[in-house]
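Written out below as structure tokens is the structure these notes cover.
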Amino acid sequence: MNILMTGGTGFIGGALGHHLHSLGHRLVVLSRQSQQRALASCPPGTRIIASFDDIADDEALDAVVNLAGESLFSRRWSAARKQRLLDSRVGVTHELVALMRRLRQPPAVMVSGSAVGFYGDAGDAELTERSPARRKDFGYRLCDAWEQAAREVSNLGVRLTIIRTGVVLGANGGMLASLLPVYRFGLGMRLGNGEQWLSWIHRDDLVAILTRALTAPGVEGVFNGTAPGPVTQREFHHTLARAVRRPAPWVMPAPLLRLALGEMSQLMLGGQRAYPRRLEEQGFVFRYPHLEQALADLV
Numbered sequence: 001m002n003i004l005m006t007g008g009t010g011f012i013g014g015a016l017g018h019h020l021h022s023l024g025h026r027l028v029v030l031s032r033q034s035q036q037r038a039l040a041s042c043p044p045g046t047r048i049i050a051s052f053d054d055i056a057d058d059e060a061l062d063a064v065v066n067l068a069g070e071s072l073f074s075r076r077w078s079a080a081r082k083q084r085l086l087d088s089r090v091g092v093t094h095e096l097v098a099l100m101r102r103l104r105q106p107p108a109v110m111v112s113g114s115a116v117g118f119y120g121d122a123g124d125a126e127l128t129e130r131s132p133a134r135r136k137d138f139g140y141r142l143c144d145a146w147e148q149a150a151r152e153v154s155n156l157g158v159r160l161t162i163i164r165t166g167v168v169l170g171a172n173g174g175m176l177a178s179l180l181p182v183y184r185f186g187l188g189m190r191l192g193n194g195e196q197w198l199s200w201i202h203r204d205d206l207v208a209i210l211t212r213a214l215t216a217p218g219v220e221g222v223f224n225g226t227a228p229g230p231v232t233q234r235e236f237h238h239t240l241a242r243a244v245r246r247p248a249p250w251v252m253p254a255p256l257l258r259l260a261l262g263e264m265s266q267l268m269l270g271g272q273r274a275y276p277r278r279l280e281e282q283g284f285v286f287r288y289p290h291l292e293q294a295l296a297d298l299v
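Note that UniProt numbering has the sequence shown beginning at 1, numbered continuously upward.
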């Protein structure tokens with residue numbers, strides 16, 4: 001297949017791109033980086049474009065993967081920062097829809113990112129794809145706007161799959177890459193009371209889910225891209241400390257975290273207990289269903 005990707009140079013998109021290339025697919029990656037820097041993150045033969053205008057009306061694209069989006073964790077959430085987070089997801093998705101409208105033949109499928117933040121801070125509630133949002137905070141508003149923008153492609157006859165991911169664990173990026181040095185020095189901390197839920201997934205499992213969504217015609221609609229074993233932050237903290245064989249006595253008080261991070265602290269002090277019900281119903285088998293297995297592979 002000829003596959004157009006946004007977010008194809010990132011932590012998730014880069015791994016997905018290399019996997020798709022290994023399966024024989026051809027990639028076109030939208031990147032704001034220089035050609036040289038973008039190509040360093042992509043498999044051989046990838047075509048890098050700086051704008052959707054670089055795609056001709058008669059170009060044949062079989063599929064689209066939409067993973068664009070600036071990091072939620074890079075800085076405090078000022079009003080300007082929240083607008084950038086929206087624009088980097090929702091704005092790019094609107095541009096994708098406009099591209100598909102002008103193509104003589106739209107792609108057959110689009111796989112678009114989202115996050116379990118869609119459900120808001122849901123406490124201990126068990127969340128499946130059929131669950132409503134429990135708290136309409138900024139995380140919900142961001143994910144909802146992103147998903148609504150993606151749904152416009154359904155009017156073009158494009159099969160749409162939306163993957164609501166949890167925290168993605170990988171060895172060379174994402175949250176784990178930031179935490180490992182801290183935990184290896186014995187400085188890892190429980191956040192607040194640690195009872196908030198953390199839905200996570202090994203990056204290899206997420207790549208498999210995204211690939212399946214691209215290639216299996218019956219995969220359509222919303223799926224929770226999370227492992228079937230969500231944990232509390234307290235459990236995650238102690239499991240990671242055991243994995244690196246270091247003590248874990250420290251606690252970051254919730255008021256201090258709120259003072260340091262402002263509104264962004266809700267990502268760490270709230271959470272979602274999400275389950276991949278639709279994936280399980282369709283027979284998807286996780287390589288890393290439990291946190292201990294995932295960390296044993298990555299640490």
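For every residue, glycine included, the Cβ atom is placed at its ideal position computed from N, Cα and C.
Any chance the region 199-209 sits against the region 242-262, with 3 or more Cβ pairs inside 8 Å?
no
DSSP three-state label for Val299, please.
coil
Nearest-angstrom Cα separation, counted from Gln266 out to Glu280:
29 Å
Return the first residue and the last residue of the alpha helix (DSSP H) that Thr165 is part of.
From DSSP, Thr165 is part of no alpha helix (DSSP H) but of the beta strand (DSSP E) over 159-165.
Counting along the chain, where does the beta strand (DSSP E) carrying Leu206 start and finish?
Careful: Leu206 lies outside any beta strand (DSSP E), inside the alpha helix (DSSP H) at 203-215.
First and last residue of the beta strand (DSSP E) that includes Leu30?
26-30
For the region 11-56, list the alpha helix (DSSP H) runs that are entirely contained and at least 4 residues long, ordered along the chain.
11-22, 35-40
Quick one, which of His21, Leu156, Thr128 has its alpha-carbon nearest Pro228's?
Thr128
Closest residue to Thr93 among Asp57, Val251, Ala149, Ile3 (Cα-Cα distance)
Ala149
At a cut of 8 Å, does the region 158-174 reach the region 102-114 through at least three beta carbon pairs?
yes
Short Cβ contact (8 Å threshold) for Leu27 with Pro43:
yes
Are the CB atoms of Arg278 and Phe223 within a distance shorter than 8 Å?
yes
Between Tyr119 and Met268, what straight-line distance do the alpha-carbon atoms span, to the nearest angstrom?
15 Å
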